[in-house]
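Residue numbers (our numbering): 534 to 611.
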């Protein structure tokens, strides 16, 4: 899951410094920031923090992405 989150972090970060994940890699805050971005949170520190619905939506999306990512990694290994 960490490897998948690392790939998603690259895609979910913006081009400016304000839209980059400010947390230490592989920490819980780092993962929560990525999940919140998947859930539709803007990512700006000046905005309200993501709520439980945003985090749930992001976690649902992450579960689907992770399942697809796992299947793609398993193709051709058997």
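We put the CB at the ideal spot given by N, CA and C, even for glycine.
Let me confirm a value: residue i is counted as buried when at least 16 other C-beta atoms fall within 10 Å, else exposed. Which label applies?
i           : result
residue 612 : The question about residue 612 has no answer, for the chain in this structure spans 534 to 611.
residue 582 : exposed
residue 559 : exposed
residue 547 : exposed
If you compare alpha carbons, which of the options is closest to residue i?
i           : options       : result
residue 589 : 571, 554, 553 : 571
residue 549 : 537, 575, 557 : 575
residue 578 : 554, 596, 610 : 554
residue 595 : 584, 580, 573 : 573
Below 8 angstroms on the Cβ atoms is my contact criterion, and I expect residue i with residue j to pass it. Report the Cβ-Cβ distance as a whole number of Å.
i           : j           : result
residue 598 : residue 541 : 7 angstroms
residue 557 : residue 563 : 6 angstroms
With a floor of 4 residues, list each alpha helix (DSSP H) that falls wholly inside the region 573–609, ordered by position along the chain.
DSSP runs (the alpha helix (DSSP H)) wholly in the region 573–609: 585–607.
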